[in-house]
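Residue numbers (our numbering), protein chains in the order written: chain A, 1 to 102; chain B, 1001 to 1371. We put the beta carbon where it would ideally sit given N, CA and C, even for glycine. Just so we're clear, the structure is a prediction, and the values are computed from it rather than from any experiment.
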């Protein structure tokens, strides 16, 4: 039991704002893939990080960017927490803002 | 057993590349083995043109593909393709400095190397969609063909602008593969240059910077240039140029075949109908499912062993067979016209039909009826 504290966490939680839904993102899975798997109508198009349709804003928590977001997003937006959901895996539980009604 | 079958079937290129390298090592008639294998594959591909399989999943929908195994193979292809160039350089050294092999053997070795370096693009392509270290391995593999710009252009240009006029990799109707190879290569490099310029400007950095991936990509090709100059001097430069021309021609031929003549309305999502599938048995296994373009362009980061037949536009023959047709433009145009007619009638939306009529008012067979 004591060793369970050293076990790596497999999944993370993502709280979606403003719809206040909560989904589970598997380890290594992108935020977009997890959202689509959970049935959310997350806006998306190319799924390879080139169109920017899946952009969203991290309010709390940390992600691991799979590519350099500066090709698609403005550096000021990246600095203020905007990410591409299709190119983001989670490092912690997160709270993220996205308009699901696009 | 099924797991073994699903994973081992994608080892044709690795095995044949090693055989080609062995041919370069043993020399003599064996230097031509890469050319022979290419011809043999064309025959097998043509003979198996009517065998089409679906992707393999278990009863719960899980793929039999083993990611760790397939990725290990793809990563190992980088040192394998480096070895291929080293052994061609060894042949050059034998020809220029030792006069130990004939010009015919050197030509065979160079053609073999070019053809199999060109087939390496299937790994460069697959890894370009898998970020972090996979992306870097992709760049390194493409740099061996002087085409490291491909990795960025493919993701940020081709996947976004597919079937638009502003995608250099999509061939418009009427263009032949020879013109496309040049225009697509230069167009993608230009896109990558502009992408980096814009990014660096946004970040307030100089164009000549270590963050300039377009420049860095060409620098990654420097070791190949140094190796070939060292091994063969001026003949070495010509040999490397020939390898690069052949490998880039194969790369652009794949782009040519994958989307020839297809149309997409600006701003509309990419759908299955915006690509041509080439998915007979041999092409699927040999080209690690790169021929399942319809599924790939809709689910861009799906592992190749999970791509499936989505009943999109399909040429009905494999890449090797179609490649031979593209080499004779008049023959290719005749072959492709019936497929384009079918596409226009059964797949194109009204808006796409209008674009076709605007773009190709004079091409025979392109009077597309709007309902």
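With a threshold of 6 Å on Cβ separation, who are the neighbours of residue 1181 of chain B within its own chain once the five nearest residues in sequence on each side are excluded? Excluding the 5 residues flanking it on each side, residue 1181 of chain B has same chain C-beta neighbours closer than 6 Å at 1249, 1252, in chain order.
*asked:* Quick check: what's the CA-CA separation for residue 97 of chain A versus residue 78 of chain A?
replied: Cα to Cα, the separation comes out at about 14 Å.
- Query: In terms of residue numbering, what span does the alpha helix (DSSP H) encompassing residue 11 of chain A cover?
  - Reply: For residue 11 of chain A, no alpha helix (DSSP H) segment is defined; the enclosing uninterrupted segment is the beta strand (DSSP E) at 11–17.
* Asked: Should residue 1223 of chain B and residue 1276 of chain B be called a contact, given that it needs their Cβ atoms to be closer than 9 Å?
  -> Result no, Cβ atoms of residue 1223 of chain B and residue 1276 of chain B do not sit closer than 9 Å.
query: If you run the structure through DSSP and keep just helix, strand and coil, what is residue 30 of chain A?
result: Looking at residue 30 of chain A - three-state DSSP - the assignment turns out to be strand.
query: Considering only residues of the same chain and omitting the five flanking positions on each side of residue 1296 of chain B, which have a CB-CB separation below 6 Å?
result: Result list for residue 1296 of chain B: 1307, in chain order.
### Query
Once you ignore the five residues that flank residue 41 of chain A on each side, which residues in its own chain have a CB closer than 6 Å to its CB?
Taken in chain order, the residues that qualify are 100.
Can you give the Cα-Cα distance for residue 1100 of chain B and residue 1133 of chain B, rounded to whole angstroms? When rounded, the distance between both Cα atoms is 41 Å.
Any idea which residues DSSP pairs residue 1277 of chain B with across the strands?
DSSP lists B:1314 as partners of residue 1277 of chain B.
Requested in this report: Determine the DSSP secondary structure at residue 60 of chain A, reduced to helix, strand or coil.
Outcome: Under the three-state reduction of DSSP output, residue 60 of chain A falls in the strand class.
Quiz item: For residue 1453 of chain B, which beta-bridge partners are listed by DSSP?
Solution: There is simply no residue 1453 of chain B to check, as chain B begins at 1001 and stops at 1371 in what is shown.
- Message: I'd like to know if residue 1220 of chain B contacts chain A, where contact means its C-beta is closer than 9 Å to some C-beta of that chain.
- Response: Chain A, which has no Cβ nearer than 9 Å to the Cβ of residue 1220 of chain B, makes this no.
Note to self: Since residue 55 of chain A and residue 84 of chain A should fall inside the 8 Å C-beta cutoff, what is the C-beta to C-beta distance between them, to a whole number of angstroms?
What the structure shows: Between residue 84 of chain A and residue 55 of chain A the Cβ distance is about 6 Å, and since that is below 8 Å, they are a contact.
Using the rule of at least 16 other Cβ atoms within 10 Å of the residue's Cβ for burial, across every protein chain shown, is residue 1230 of chain B buried or exposed?
Exposed, because fewer than 16 other Cβ atoms sit within 10 Å of the Cβ of residue 1230 of chain B.
- Message: Suppose the cutoff is 6 Å on Cβ atoms and the five residues either side in sequence are ignored; what does the same chain contact list for residue 1002 of chain B look like?
- Response: Short of 6 Å from the beta carbon of residue 1002 of chain B, and not among the five residues preceding or following it, lie these beta carbons of its own chain, in chain order: 1064.
Simplified DSSP state of residue 1 of chain A, which is helix, strand or coil: Low confidence applies here, because residue 1 of chain A scores a pLDDT of 46, under 50, leaving its location unreliable; read the following figure in that light. In the three-state reduction of the DSSP assignment, residue 1 of chain A falls in the coil class, being assigned neither a helical nor a strand state.
For the alpha helix (DSSP H) that residue 82 of chain A lies in, which residues bound it at each end? It is not in any alpha helix (DSSP H) - residue 82 of chain A instead sits in the beta strand (DSSP E) that spans 82–84.
According to DSSP, is residue 65 of chain A part of a helix, a strand, or is it coil? Reduced to three states, the DSSP call for residue 65 of chain A is strand.
Is there a C-beta anywhere in chain B that falls below 9 Å from the one on residue 10 of chain A?
It does not: the Cβ of residue 10 of chain A has no partner Cβ on chain B nearer than 9 Å.
From which residue to which residue does the alpha helix (DSSP H) around residue 1139 of chain B run?
First-last of the alpha helix (DSSP H) with residue 1139 of chain B: 1133–1143.
Query - 7 Å Cβ shell around residue 1287 of chain B - same chain, five flanking residues per side excluded - result: If we look at residue 1287 of chain B and ignore the five residues flanking it on each side, its Cβ neighbours are 1122, 1319.
**OP:** Check whether the Cβ of residue 1270 of chain B lies closer than 9 Å to any Cβ atom in chain A.
**Re:** True, the Cβ-Cβ gap to chain A drops below 9 Å.
- Query: Among residues of its own chain, excluding the 5 on either side of residue 1246 of chain B, which ones have a beta-carbon nearer than 8 Å to its beta-carbon?
  - Reply: In the same chain as residue 1246 of chain B, and ignoring 5 residues on each side of it, the C-beta atoms closer than 8 Å to its own belong to 1111, 1114, 1115, 1117, 1118, in chain order.
| request: Thinking residue 1129 of chain B and residue 1301 of chain B are a contact (beta carbons under 8 Å), I'd like their distance in whole angstroms, please. | output: The beta-carbon separation of residue 1129 of chain B and residue 1301 of chain B, rounded to 5 Å, stays under the 8 Å limit for a contact.
Please name the residue, chosen from B:1144, B:1186, B:1061, B:1160, that lies closest to residue 48 of chain A on a Cα-to-Cα basis.
The residue with the shortest Cα to Cα distance from residue 48 of chain A is B:1160.
query = According to DSSP, which residues form a beta bridge with residue 95 of chain A?
reply = Answer is A:15, A:60.
* To do: Use the C-beta contact count for residue 1344 of chain B: other C-beta atoms within 10 angstroms, 16 or more gives buried, fewer gives exposed.
  => With 16 or more other Cβ atoms within 10 Å, it is buried.
Self-check item: Residues that DSSP places opposite residue 55 of chain A in a beta bridge
Solution: Residue 55 of chain A pairs with A:84.
(request) Assess, as a yes-or-no matter, whether the segment 1251–1266 of chain B is touched by the segment 1183–1198 of chain B under the definition of 3 or more beta carbon pairs within less than 8 Å. (result) The segment 1183–1198 of chain B is in contact with the segment 1251–1266 of chain B.
Name the two residues that bound the continuous alpha helix (DSSP H) containing residue 955 of chain B. Since the displayed chain B opens at 1001 and closes at 1371, residue 955 of chain B lies outside it and no answer follows.
Neighbourhood of residue 35 of chain A by C-beta distance below 7 Å, restricted to the same chain and skipping five residues each side
In its chain, beyond the 5 residues on either side, 23, 42, 85 have a beta carbon closer than 7 Å to the beta carbon of residue 35 of chain A.
Local conformation of residue 22 of chain A per DSSP, three classes:
The answer is strand: DSSP assigns residue 22 of chain A an E or B state.
Per DSSP, what are the beta-bridge partners of residue 1160 of chain B in this structure? Beta-bridge pairing links residue 1160 of chain B to no other residue.
Where residue 1240 of chain B sits in the DSSP three-state scheme: It is helical.
Any C-beta of chain A under 9 Å from that of residue 1371 of chain B:
In this prediction, residue 1371 of chain B scores a pLDDT of 49, lower than 50, which makes its location untrustworthy; no coordinate-derived value is stated.
(request) Taking residue 45 of chain A as the query, report the chain B residues whose CB atoms sit under 9 Å from its CB, ordered along the chain. (result) Ordered by position in chain B, the residues that pass the 9 Å Cβ test against residue 45 of chain A are 1160, 1269, 1270.
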